[in-house]
Structure formats: structure tokens, C-alpha cells
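Student: Before I ask anything, here is the structure I am working with.
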Amino acid sequence: MDALSEVLARARARGAVFSVLGRNTPWGLDFSGGRPLVIHVLQRGSAVLTRANGSHRVGEGDVVLVRGGTPYSLASAPGATSEPIELARARGSHATGDDDAVVLCGAYTIGGSPGADLLDSLPDVLVVAAGEQSAGLGLLVGLLAAEADRAAPGQQAVLDRALDLVLVQALRDAFTIGTWEAPGWYRALGDPALAAVLDVVHSSPEDRWTVESMARLAHLSRAGFARRFAATVGETPAAYVTRLRIERAEDLLRGTTDTVAAVAAITGFASEYSLAAAFKRRHRISPGRWRRQVRSA
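Using this note's numbering, you'd call the opening residue of the sequence shown number 24 and step up by one each time.
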């Protein structure tokens, strides 16, 4: 698996929250910003997404990715009276043919986050305009909308996977049309020497990687590789490998019953203490406490 596919494969919705809401003008929905990532599709009508750092026009068919962190609103016009999305969902305001706007919302939960690599590389709001989308994205949005608006056995599993597919295809389209400023790890994929290293490291981050071993893969000197990697990716080779290992550890802590010691061994840390120290630098809490928080979310 190449590095980009490996990063995108970490998008694993679990118990994502969905709604398809019909609205009549004027309308507005308030979002707390507590979800790691929310995907909106305006299936009918137009809207304005407003956050503390600015506003974005949203047209019919646009796919909008919104990172968590701060509250925002989606409304027919700036200043329109809004209600919390939880209240609108509880009232069951399902779409009809007479609605001025139809809004599809799919929210990742903390227990099924898309992964730090993806979230850290996204802007607060990313709009993939309908006129610039691939045909594949339109088909996936249609599948997601149809499944979200009906009740059927296995619905949650289908919705989770459909949301992941919409996210991955939206990101691919954003890369293609240039609306997503490429993060360092993506820019490195355009450098054949660095791409060769990233593909192997992403496949086996638990191996005993050193700057020297990575430099050999890149057919560069140790110093030359280290400079080139840091300048392109934005962090040192050692820091990059450690981050990959932590993210693999997060997957295991979230999805298995393996002990912290076992997770440390599987992901390439020298000891349980080494994993705990790295985890605390990233999350400010121990791996065990992080696991409990994620599973209770």
C-alpha cells in the first residue's frame, strides 16, 4: 500500500451521526464544533456557513468538510435565526419535495475519527464545489443520502463506510482541483526518493528505522536525506516515524483489547514506558486513560 492510500485508509467512521433535514427559508442550524469532522452536502438550495474566522458560500451539490474545534452555523443567510442541530434532528425534520433547502449532515465521532494525519492537514472549512467534483463523488453522495434517509438492517455499517468513501473521494477531488493545500507528507510523494521511503515506512512503521536506513532507501547521504525530508515534510524523519507509531497505537487501543505493553511491542516502541512517554507528549494523558475516554465517547 502506498503512503497516500495508507493515510486515507485510516478514515474509519464508527457510529457516525447522520441527518437529512428539510428547511424552509429563513432557516439556520447551529453546530457545537465538538465532532472531529463533519461533512455537509446541500442537496437543494444555498446557504452560508459562518464561523468565527469567516464565512463560506455553499451552493447546491457542494460537499463541505468542517473540522471540529469551534462552533459554527449553516443558514439560509447571515444572521438568520438558528436552532441547534441536535434539536432539529430530534424533531425529525425530514426532507420533502416542498422544502427550500435539503441539508445532509454526517459527523464523525471521537471513537471513529478519520485520524490525526488527515485532520491536521485540513483547513477549518474545505468546500468542494459541485461543478468541480468528479462523477464518483456525486455517486457516493447519492448513496450516502439515500441510506441516511431510510431505515434498514445494517444501516449504521453502510452509513459509516459510505461516509468514509465520501471523505476520501472529496479529498482526492480537492487535491486534483487545488482547493486543499497539500500537507508536507503529500508533497513528499512528488519526490521519488522520499516517496520510496514513505511507502515502506508507512507499510512497516514498527521496524527499527534510523535516518541511515531511510537514507539508504532513498539513495542519498544521511545528511542530505535528513535535510531534504525535513524541508519537504516539515518534521524530522525520527519525529515522523514516531508519529506514525503513535497513530498505529491509537488504532489498536481503540479497536482491540491488547494491553498497552502489547501495543507498544506491536508498534515498534522499545517499551510500554516509551509508548506512554510519547503518548503523553501528544495527548497529555496516558495510553490507558486515552483508551477509556475514546471508548466512552
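All C-beta atoms in this analysis are idealised placements derived from N, C-alpha and C, irrespective of residue type, glycine included.
All values reported here derive from a predicted model rather than from experimental measurement.
Cα separation between Val189 and Pro59?
Tutor: 16 Å
Student: Looking at the secondary structure, which residues open and close the alpha helix (DSSP H) in which Asp322 lies?
Tutor: The question about residue 322 has no answer here: the residues shown for the chain are numbered 24 through 320.
Student: Please state whether the Cβ-Cβ distance between Val151 and Val43 is less than 9 Å.
Tutor: no
Student: With a Cβ-Cβ cutoff of 9 Å, do Thr48 and Ala124 count as a contact?
Tutor: yes
Student: First and last residue of the beta strand (DSSP E) that includes Ser42?
Tutor: 40 to 46
Student: May I have a chain-ordered list of the alpha helix (DSSP H) segments no shorter than 4 residues that lie completely inside the region 201 to 287?
Tutor: 207 to 211, 215 to 226, 234 to 241, 245 to 256, 260 to 278
Student: As a quick exercise: from Gly177, Ala174, Asp187, pick the residue whose alpha carbon is nearest that of Leu160.
Tutor: Leu160 has its Cα closest to that of Asp187, out of Gly177, Ala174, Asp187.
Student: Using a Cβ-Cβ cut-off of 8 Å (strictly less than) and excluding sequence neighbours within five positions of Leu243, which residues of its own chain qualify?
Tutor: Ala216, Arg251
Student: If I follow the unbroken beta strand (DSSP E) through Tyr95, where does it start and stop?
Tutor: 95 to 98
Student: Exposed or buried, what is Ala171 when buried is set at 16 or more other beta-carbons lying within 10 Å of its beta-carbon?
Tutor: buried
Student: Where Gln316 and Asp121 are concerned, what is the direct C-alpha to C-alpha distance, given to the nearest angstrom?
Tutor: 43 Å
Student: Given a cut-off of 9 Å, decide if Leu240 and Val220 are closer than it, judged by their beta-carbon atoms.
Tutor: yes
Student: Using the three-state DSSP reduction, which class does Gly129 fall into: helix, strand or coil?
Tutor: strand
Student: With DSSP as the reference, identify every bridge partner of Asp147, one or two as the case may be.
Tutor: According to DSSP, which records beta bridges pairwise, Asp147 is partnered with nothing at all.
Student: Going by Cα to Cα distance, which pick from Ala301, Arg312, Arg307, Phe248 is closest to Leu276?
Tutor: Answer by Cα proximity: Arg312.
Student: Are the beta-carbon atoms of Pro94 and Ala111 separated by less than 9 Å?
Tutor: Contact: no.
Student: With H, G and I counted as helix, E and B as strand and the rest as coil, what does DSSP make of Ser28?
Tutor: helix
Student: Leaving out the 5 sequence neighbours to the left and right, which residues in its chain are closer than 6 Å to Ser309 when beta-carbon positions are compared?
Tutor: Ala299
Student: What is the rounded straight-line gap between the Cα of Val61 and the Cα of Val223?
Tutor: 31 Å
Student: By the three-class DSSP mapping on this structure, what secondary structure does Ser319 have?
Tutor: helix
Student: Between Thr280, Val283, Phe292, Thr279, which has its C-alpha nearest Leu267's C-alpha?
Tutor: With distances taken between Cα atoms, Leu267 lies closest to Phe292.
Student: Please classify Ile289: does DSSP put it in a helix, a strand, or coil?
Tutor: DSSP, read as helix, strand or coil, puts Ile289 in helix.
Student: With a 10 Å radius around its C-beta and 16 neighbouring C-beta atoms as the bar for buried, classify Arg80 as buried or exposed.
Tutor: exposed
Student: Whole angstroms are fine: how far does the CA of Thr280 sit from the CA of Arg314?
Tutor: 10 Å
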